[in-house]
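Mapping of the sequence shown onto the working numbering: position 43 corresponds to residue 457, and the numbering continues sequentially without gaps.
Let me begin by presenting the structure, written as structure tokens, before commenting on it.
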Amino acid sequence: MAGFCRSYVTWVYDETSEWATWEPGDRVNLGDIGYFDRSLKFTRADTSTNLLDTSPEAIDVQAVEGQLHYSSRYFSIASNASAGMPGVGAAAVTFSLKKGEGHVLQIGRGTCEGVQNEAAMLDAAKEAIVASDWGLAWILVCERKRVDSGFAANCRGRGASFTMSAGVEPVPLSKSMLGQVGLHIISSKGQVNHWGFGQGSTPTFDRSWRIRPEVVEKLYGEDPEWVSSDQLYYRPDRSSLTPDAVRAMKRRELFETGFTLSSVSRAR
Numbered sequence: 415m416a417g418f419c420r421s422y423v424t425w426v427y428d429e430t431s432e433w434a435t436w437e438p439g440d441r442v443n444l445g446d447i448g449y450f451d452r453s454l455k456f457t458r459a460d461t462s463t464n465l466l467d468t469s470p471e472a473i474d475v476q477a478v479e480g481q482l483h484y485s486s487r488y489f490s491i492a493s494n495a496s497a498g499m500p501g502v503g504a505a506a507v508t509f510s511l512k513k514g515e516g517h518v519l520q521i522g523r524g525t526c527e528g529v530q531n532e533a534a535m536l537d538a539a540k541e542a543i544v545a546s547d548w549g550l551a552w553i554l555v556c557e558r559k560r561v562d563s564g565f566a567a568n569c570r571g572r573g574a575s576f577t578m579s580a581g582v583e584p585v586p587l588s589k590s591m592l593g594q595v596g597l598h599i600i601s602s603k604g605q606v607n608h609w610g611f612g613q614g615s616t617p618t619f620d621r622s623w624r625i626r627p628e629v630v631e632k633l634y635g636e637d638p639e640w641v642s643s644d645q646l647y648y649r650p651d652r653s654s655l656t657p658d659a660v661r662a663m664k665r666r667e668l669f670e671t672g673f674t675l676s677s678v679s680r681a682r
């Protein structure tokens, strides 16, 4: 599934500028500490509560409205009536892949959560770096979407398709309408993978902090390109930065957020 993961995470980033979870919908919590592996899967290594002795103080940033993401270059969509409860019609929506590989993501209603004590968490992370307890490739999650519904799907091969019940009257459904209604899979044909979201699912997360790449090399003491994430720590005996010099760095000198997918891919 590594190929699916990399393709899906890349597509979601291109669609939303946010990081997808793998498997889709897997819960990522505020204050989670981890790294992206070679397939771009976020892998949890620790938590801020455990490693930094600093728990995230969660705040609601904004409400999340239902939304549907897919590419019309890769999918055609048709809706028709299907059998629901006796005497009640329901819309059935079929996604058919035109070519290659394609993904569909429905993010249900929910909340975008952030962290109020972000500065305190970064200061604690700095101390963990000095103590060689913080992996230099790690990131700290400070924002996530939390939803109770939605789904993700991956299709490969022309003609692969899946059909979902929309649970509404059989009327023409626009892309915006499909983002708002509950969709439940009925059937599939060909190579299709489907993941349904439930209570507390995390379709995407954002505002993650990492050590600046140019600082990582200074902290490690040499080019870390071929060093695995689980072996990449501050080495004061080889680093050009003393522990006091690290402590004296301003947060934005040491850490960065808003880094791109391409920068992560280059580091793998």
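Ideal Cβ placement from N, Cα and C applies to all residues, glycine included.
Please read these numbers as outputs of a predicted model, since none were measured by experiment.
- The Cβ-Cβ distance between A534 and T468 falls below 7 Å.
- Taking 8 Å as the upper bound for CB-CB distance, I625 and L554 are not in contact here, some 10 Å apart.
- Residue G516 holds the alpha-carbon nearest to the alpha-carbon of G417 among G604, G516, I447.
- The region 546–619 contains, as complete alpha helix (DSSP H) runs of 4+ residues, the segments 589–594 (chain order).
- Straight-line measurement puts the Cα of L444 at about 23 Å from the Cα of Y647.
- Across the structure, W640 and Y634 are spaced so that their CA atoms are roughly 12 Å apart.
- Nearest neighbour of H608 by Cα position, chosen from T618, L597, G614, turns out to be L597.
- When the alpha-carbon of T671 is set against those of R570, S643, S490, E557, the nearest one is in E557.
- The Cβ atoms of E432 and T618 sit closer than 7 Å to each other.
- Sixteen is the threshold: since fewer than 16 other Cβ atoms of the shown chains lie within 10 Å of the Cβ of E636, the residue is exposed.
- The region 559–573 makes contact with the region 519–537; the number of CB pairs closer than 8 Å reaches 3 or more.
- Per DSSP, the beta-bridge partners of R624 are I553, E670.
- N494 has A506 as its beta-bridge partners, per DSSP.
- Look at G635 here: in three-state DSSP terms it is coil, with no helix or strand label.
- If you ignore the 5 residues before and after L466, its C-beta comes within less than 7 Å of the C-beta of M535, A538, A539, A542, all in its own chain and listed in chain order.
- In this structure the region 446–455 does not lie against the region 567–578, because fewer than three pairs of beta carbons, one per stretch, are closer than 8 Å.
- With fewer than 16 other beta carbons inside 10 angstroms of its own, Q605 counts as exposed.
- The shortest C-alpha to C-alpha distance from S510 to any of D658, A574, T525, E527 is the one to A574.
- With a contact defined as Cβ atoms closer than 8 Å, V595 and T525 miss out at about 19 Å.
- Counting every other CB atom within 10 Å of its CB across the protein chains shown gives A506 a total of 16 or more, marking it as buried.
- For I521, the pairing in a beta bridge is given by DSSP as Q481, G564.
- By the CB criterion at 7 Å, S615 and G448 fall outside the cutoff.
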